[in-house]
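30 is the number of the first residue of the sequence shown in our numbering; add one for each residue after it. Don't be surprised by glycine CBs; every beta carbon is placed ideally from N, CA and C. Remarks on the structure that follows.
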Amino acid sequence: MDGAFLLLFVASWLGSATSQDSAATVITASQLHKALQNESIQSILLATSIVVNPARDWPDVVQVSRNITLAAYPSLREGAVYAQLDYANAQMLIALAPGVTLTYVGLEVRMSLERREFRGNSPQCERCEEAC
Numbered sequence: 030m031d032g033a034f035l036l037l038f039v040a041s042w043l044g045s046a047t048s049q050d051s052a053a054t055v056i057t058a059s060q061l062h063k064a065l066q067n068e069s070i071q072s073i074l075l076a077t078s079i080v081v082n083p084a085r086d087w088p089d090v091v092q093v094s095r096n097i098t099l100a101a102y103p104s105l106r107e108g109a110v111y112a113q114l115d116y117a118n119a120q121m122l123i124a125l126a127p128g129v130t131l132t133y134v135g136l137e138v139r140m141s142l143e144r145r146e147f148r149g150n151s152p153q154c155e156r157c158e159e160a161c
């Protein structure tokens with residue numbers, strides 16, 4: 030099997046999720062955006078580090094109305110490697126509904142120190158940001 034084809038197949042498979050899935054694996058910011066929009070997905074695994082470019086990858090604010098976990102892929106966590114999720118100081122990428130919790134597992138969240146990326150009306154949102 031051709032190496033380029035195999036890489037393309039793996040990338041396609043990692044970024045796929047059906048409406049019946051409760052988990053998705055992503056390798057790009059665009060895939061992350063789509064997975065966050067999919068209400069049936071409750072867990073998103075990052076197979077690699079991701080840098081968000083809002084002009085290219087993030088066309089609108091994602092409204093999240095369910096609890097969701099963003100985590101590094103298990104093989105990364107097993108090797109004590111943290112995937113980076115870099116929001117590039119973008120503002121208002123994700124809006125959490127009241128009572129919704131966003132949880133990070135095994136991720137190094139970067140360039141999100143101004144607390145503008147996650148705005149929600151729930152105390153859980155604020156606690157999550159402070160803990161990260």
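| Query | Result |
| --- | --- |
| DSSP state of residue 53 mapped onto helix, strand, coil | strand |
| Secondary structure, alpha helix (DSSP H): runs of 4+ residues fully inside the region 88-127 | 103-107 |
| Counterpart residues of residue 79 in DSSP-defined beta bridges | 114 |
| Nearest neighbour of residue 111, chosen from 118, 120, 121, 100 [CA to CA] | 100 |
| Residue burial classification, residue 93 (beta-carbon count within 10 angstroms, cutoff 16) | buried |
| C-beta neighbour in chain C for residue 99, strict 8 Å | This model lacks chain C altogether, as it is built from one protein chain only. |
| Residue interval of the beta strand (DSSP E) (run including residue 132) | 131-134 |
| Boundaries of the alpha helix (DSSP H) in which residue 60 is found, first to last residue | 58-66 |
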